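Asks: Take any residue in the sequence shown, count from 1 to its spot, add 791: that is its number in this note's numbering. Could you have a look at this structure, given as structure tokens, before my questions?
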Amino acid sequence: MQNNNRKGISRRNMWSGILFGVGLIAFVDETVFHQLLRWHHFYDKSTTDIGLISDGIFHAFSWFATIAGLFLFADLRRRNGLIFQRWLGGMLLGIGVFQLYDGIIQHKWMRIHQIRYVDNVIVYDIVWNVSALIILLIGVFLLFRTSKNSTLKEKTANE
């Protein structure tokens, strides 16, 4: 029973981090690239009004994910179950997966928007997707490392 509880806490740390990471990067993307730089909207295949509405829906999604992640985080803290390095790994995984999904699926496959509408967009694509992959790999590394450490602690405690 205790082993299942540890696995549940470990998973909650990861999912709390993933939700927070997705919400955080979506918020940063929407604020920086959509509003401040005005490089694109979430959906650019229609009018500016539709683009702004899609940005609003995207913004709401980012806050729902952020708040859900923070509720899980607060619950972990309340139960003294926070494994910060695992949570951080989940957060980086969420950021990396979201950014890579955005760069490959939304930008290239679905073509609902580009990072920036310029002639040499490939430079932006490479920076966007390579940075996403690096962040994702760091997150996976932290998750693997914390998973391995908790397994070693359980084996040592049982002996």
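Don't be surprised by glycine CBs; every beta carbon is placed ideally from N, CA and C. Please read all numbers here as calculations on a predicted model, not as lab measurements.
Assign Tyr834 to one of two classes, buried (16 or more other C-beta atoms within 10 Å of its C-beta) or exposed (fewer than that).
Replies: With 16 or more Cβ atoms within 10 Å of its Cβ, Tyr834 is classed as buried.
Asks: Use the C-beta contact count for Thr839: other C-beta atoms within 10 angstroms, 16 or more gives buried, fewer gives exposed.
Replies: Thr839 is exposed by the Cβ-count criterion.
Asks: Ordered along the chain, which non-local residues of its own chain (more than five positions away) have a Cβ less than 7 Å from that of Gly814?
Replies: Cβ neighbours of Gly814 beyond the five flanking positions: Ser853, Trp854, Ala856, Thr857, Gly860.
Asks: Under the rule that 16 or more other beta-carbon atoms within 10 Å means buried, what is Ala865, buried or exposed?
Replies: Exposed, because fewer than 16 other Cβ atoms sit within 10 Å of the Cβ of Ala865.
Asks: Please check the pair Leu934 and Gly887, which I expect to be a contact at CB under 8 Å, by giving their CB distance rounded to whole angstroms.
Replies: Not a contact, Cβ separation roughly 11 Å.
Asks: Given a threshold of 16 other Cβ atoms within 10 Å of its Cβ, counted over all protein chains shown, does Gly894 qualify as buried or as exposed?
Replies: Gly894 is buried by the Cβ-count criterion.
Asks: Rounded to the nearest angstrom, how far is the Cβ of Trp830 from that of Ile913, given a contact under 8 Å?
Replies: Actually they do not touch by this definition, with Cβ atoms about 15 Å apart.
Asks: Count the other CB atoms, across all protein chains shown, that sit within 10 Å of the CB of Met805; report buried if there are 16 or more and exposed otherwise.
Replies: Flag for Met805 reads buried.
Asks: Does the region 840-848 come close enough to the region 871-879 to have 3 or more Cβ pairs within less than 8 Å?
Replies: Too few Cβ pairs lie closer than 8 Å, so no.
Asks: Give the DSSP-derived three-state secondary structure of Leu873 in the structure shown.
Replies: In the structure shown, Leu873 sits in coil (DSSP, three-state: anything other than H, G, I, E or B).
Asks: Nearest CA to the CA of Phe932: which residue from Trp900, His825, Leu884, Tyr892?
Replies: When each option's Cα is compared against that of Phe932, the closest is Leu884.
Asks: Nearest by alpha-carbon distance to Ala851: which of Arg868, Arg869, Leu873, Val819 is it?
Replies: The candidate whose alpha carbon is nearest that of Ala851 is Val819.
Asks: How should Ile809 be labelled, buried or exposed, when 16 other C-beta atoms within 10 angstroms of its C-beta is the threshold for buried?
Replies: With 16 or more other Cβ atoms within 10 Å, it is buried.
Asks: What's the gap between the Cα of Arg870 and the Cα of Leu927?
Replies: Spanning the two alpha carbons is a distance of roughly 28 Å.
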